[in-house]
Amino acid sequence: MSMQEQVRFFLGANSPRGFVSLFNQLEHGAEGWRMFVMKGGPGSGKSTLMKKVAARLMEQGHRVELIPCASDPDSLDAVIDHDGKLAMADGTAPHVIEAKFPGAYETILFTGSAWDEARLQRRRPQIMELAGIIGRLHGRATAALTGAGALLENNRALAATAVDREAVARLGRSLSSGWPAKEGCGKEDLRLLSAVSVGHVAFHAATLKALVPVVYEIDDAWGAAAHALLSDLRARAQERGLDVIACPCSLVNPGKWEHLILPEAGVAFTTANRFHRGQWAAGEVIPLEGGELMRSHKLTRELNDMQEQQALAGQLVLQAALSVERAKDLHDDLEAEYVAAMDFEKLDALCQQVLDQVL
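What follows is the structure, encoded as structure tokens:
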């Protein structure tokens, strides 16, 4: 696998608030970008087309981000080509994208032009039944994550009362002392580096090493110390005009930072806990102990309750992931209904048409 293929993020995921979407991060029309919005049913070739385009762009050396679907990691939700100023995205539910400047910025591609609609209409009962069950399973995942999120947020809030703000500031100054500075304001992109996926919490740890040479891993069970440090470092990067890739937590709340990537400084910071922890080789990351930024004695009375709450949250997250896994199995059946109705010669012609436009 090339380094480029390892640059993967999520832009959407199941969360305590339902499906959380960052697909608005693809809106760069005013900056000269072009966007292709894919419309069509499951299994109608949207992801296949994006994979073909991404492969060709990477062959030409373009800096490409791959955005897999958290509920179906083998499928792509989007492709972002930074060198060609091009984005392609699946614009169907749950991350519906409506064109704001059709033709001028967005190009709408409908893969349904290559399917046999009469066959799909005959299979309407089966298609509607599968879609209904899949929707209920994702609803069950949201319910489980709502409980988990409440427990984890309660722990984070308790731990936040014990964070040593002076220690956070000292460490922030030390870690940022060698960073470059630029004129003006840097841009901030929001991404998800981890998300509840098929049977587990997926974490794109390889993305960090693909983008920067130095990675710090903050071991922090409660997330409060890591959030405080990442907030401090994010502010320092912004003061220097550096570009930032900030990754919020999809499990607790969107204002809690879990990962921070600073490509121009060549450094990234990642939070390690029971839900996402990179499998690193010796020396690949520099460890930081979140406990050193805490006055842990303040939590002595609450510690047992916090540990119990975290264990219960872990069970709920697992239940959510298993619901997503069941939904994925049924989604494969739903895709099969559409695959059987597709004319792939027509789809290949559409693929070639798009390739001719973007390459």
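Heads up: the sequence shown runs through residues 1317 to 1675, numbered per the numbering used here. Note that the Cβ used here is the ideal one computed from N, Cα and C, for glycine as well.
Exercise. Unbroken beta strand (DSSP E) runs of length 3 or more, entirely within the segment 1390-1414: which are they?
Worked result: For the segment 1390-1414, whole beta strand (DSSP E) runs of length 3 or above, ordered along the chain, are 1402-1406.
For this session: Please state whether DSSP places histidine 1613 in a helix, a strand or coil.
Result: Residue state, collapsed to three classes: helix.
Problem set entry | DSSP three-state assignment for glutamate 1580, whether helix, strand or coil | Here DSSP, grouped into helix, strand and coil, assigns glutamate 1580 to coil.
Exercise. Where glutamate 1381 and lysine 1367 are concerned, what is the direct C-alpha to C-alpha distance, given to the nearest angstrom?
Worked result: Our two residues, glutamate 1381 and lysine 1367, have alpha carbons roughly 11 Å apart in a direct line.
Exercise. Whose C-beta lies closer than 6 Å to the C-beta of isoleucine 1534 among residues of the same chain, with five residues either side of it excluded?
Worked result: Cβ within range, chain order: Ala1542, Thr1587, Leu1604 and Gly1606.
For this session: Look at the Cβ atom of leucine 1461, then the Cβ atom of serine 1337, and state whether they are nearer than 7 Å.
Result: One thing to note: leucine 1461 has its Cβ no nearer than 7 Å to the Cβ of serine 1337.
Problem set entry | Element boundaries [beta strand (DSSP E), containing glutamate 1504] | Per DSSP, the unbroken beta strand (DSSP E) holding glutamate 1504 starts and ends at 1504-1506.
Exercise. Roughly how many whole angstroms lie between the Cα atoms of leucine 1558 and proline 1529?
Worked result: Using only the alpha carbons, I get a separation of about 17 Å.
Exercise. Where leucine 1524 and serine 1391 are concerned, what is the direct C-alpha to C-alpha distance, given to the nearest angstrom?
Worked result: About 21 Å.
Problem set entry | Host alpha helix (DSSP H) of arginine 1350 (start-end) | Premise fails: arginine 1350 lies in the beta strand (DSSP E), 1350-1355, not in any alpha helix (DSSP H).
Problem set entry | Short Cβ contact (7 Å threshold) for alanine 1522 with alanine 1511 | Against a cut-off of 7 Å, the Cβ pair of alanine 1511 and alanine 1522 comes out as no contact.
For this session: With DSSP collapsed to three states, give me the class of threonine 1586.
Result: Three-state DSSP puts threonine 1586 in a strand.
Exercise. Are there 16 or more other CB atoms within 10 angstroms of the CB of aspartate 1659, so buried, or fewer, so exposed?
Worked result: That one is exposed.
For this session: May I ask you to report which of helix, strand or coil DSSP gives glycine 1334?
Result: DSSP places glycine 1334 in strand when its eight states are reduced to three.
Exercise. First and last residue of the alpha helix (DSSP H) that includes leucine 1666?
Worked result: From DSSP, the alpha helix (DSSP H) with leucine 1666 extends over 1660-1674.
Problem set entry | Short Cβ contact (7 Å threshold) for glycine 1281 with valine 1369 | Residue 1281 cannot be examined here, being either before or after the span of the chain that is shown, 1317 to 1675.
For this session: Please state if the CB of alanine 1584 and the CB of leucine 1468 are separated by a distance shorter than 7 Å.
Result: Result no, Cβ atoms of leucine 1468 and alanine 1584 do not sit closer than 7 Å.
For this session: Using three-state DSSP, classify methionine 1319 as helix, strand or coil.
Result: Summary for methionine 1319: the model assigns pLDDT 47, below 50, so the residue's position carries little reliability; its value from the coordinates is reported in the next sentence. Reduced to three states, the DSSP call for methionine 1319 is coil.
Exercise. How long is the line joining the alpha carbons of histidine 1398 and histidine 1378, rounded to whole angstroms?
Worked result: Approximately 7 Å between the Cα atoms of the pair.
Exercise. Under three-state DSSP, which class holds serine 1493?
Worked result: Residue state, collapsed to three classes: coil.
Exercise. For leucine 1506 versus glutamine 1673, is the C-beta spacing smaller than 7 Å?
Worked result: Judged by their CB atoms, leucine 1506 and glutamine 1673 are not nearer to each other than the 7 Å cut-off.
Exercise. Are the CB atoms of leucine 1508 and phenylalanine 1339 nearer to each other than 7 Å?
Worked result: At the C-beta level, leucine 1508 and phenylalanine 1339 stay beyond 7 Å of one another.
Exercise. Is it right to say cysteine 1385 is buried, meaning 16 or more other beta carbons lie within 10 angstroms of its own, or is it exposed?
Worked result: Under this definition cysteine 1385 is a buried residue.
For this session: Kindly list the residues whose CB is nearer than 7 Å to the CB of alanine 1447, restricted to its own chain and excluding five residues on each side of it in sequence; keep chain order.
Result: Excluding positions up to five away in sequence, the list reads Leu1650.
For this session: Check serine 1510 in the structure and name its three-state DSSP category.
Result: If DSSP states are grouped into helix, strand and coil, serine 1510 belongs with the strands.
For this session: For arginine 1472, I'd like the list of residues in its chain whose CB is within less than 8 Å of its CB, leaving aside the five on either flank, ordered along the chain.
Result: Once the five neighbours on either side are set aside, the close Cβ partners of arginine 1472 are Trp1538, Gly1539, Ala1540, His1543, Val1568 and Lys1572.
For this session: Count the C-beta pairs between the segment 1418-1429 and the segment 1349-1365 that are closer than 8 Å, then say yes if the count reaches three, no if not.
Result: Enough Cβ pairs lie closer than 8 Å, so yes.
Problem set entry | Selection from His1454, His1344 and Leu1527 that minimises the alpha carbon distance to leucine 1402 | Residue nearest to leucine 1402 within the set His1454, His1344 and Leu1527 is His1344 (criterion: CA-CA distance).
Exercise. Who are valine 1560's beta bridge partners in DSSP?
Worked result: Answer is Glu1504, bridged to valine 1560.
For this session: Throw me the rounded Cβ distance for the leucine 1527 and isoleucine 1602 pair, which I believe falls under 8 Å.
Result: Not really, about 16 Å apart at Cβ, beyond 8 Å.
For this session: Take alanine 1636 as the anchor and find which of Asn1589, Trp1495, Gly1515 and Arg1435 has the nearest alpha-carbon.
Result: Comparing alpha carbon positions, the residue from Asn1589, Trp1495, Gly1515 and Arg1435 closest to alanine 1636 is Gly1515.
Exercise. For glycine 1488 versus aspartate 1548, is the C-beta spacing smaller than 7 Å?
Worked result: In this structure, aspartate 1548 lies closer than 7 Å to glycine 1488 by Cβ.
For this session: Would you verify that the beta carbon of arginine 1556 is, or is not, closer than 7 Å to some beta carbon of chain C?
Result: Absent from the structure is chain C; it holds one protein chain and no more.
Exercise. When you compare each of Ala1581, Lys1362, Val1531 and Leu1615 to glutamine 1595 by their alpha carbons, which one comes out closest?
Worked result: Across the set Ala1581, Lys1362, Val1531 and Leu1615, the C-alpha of Val1531 shows the shortest separation from the C-alpha of glutamine 1595.
Problem set entry | Those residues which DSSP pairs with arginine 1372 across a bridge | Per DSSP, arginine 1372 has no beta-bridge partner at all.
Exercise. Would you call threonine 1314 buried or exposed, if buried means 16 or more other Cβ atoms sit within 10 Å of its Cβ?
Worked result: Look at the range of the chain in this structure, 1317 to 1675, and you will see that residue 1314 is not part of it.
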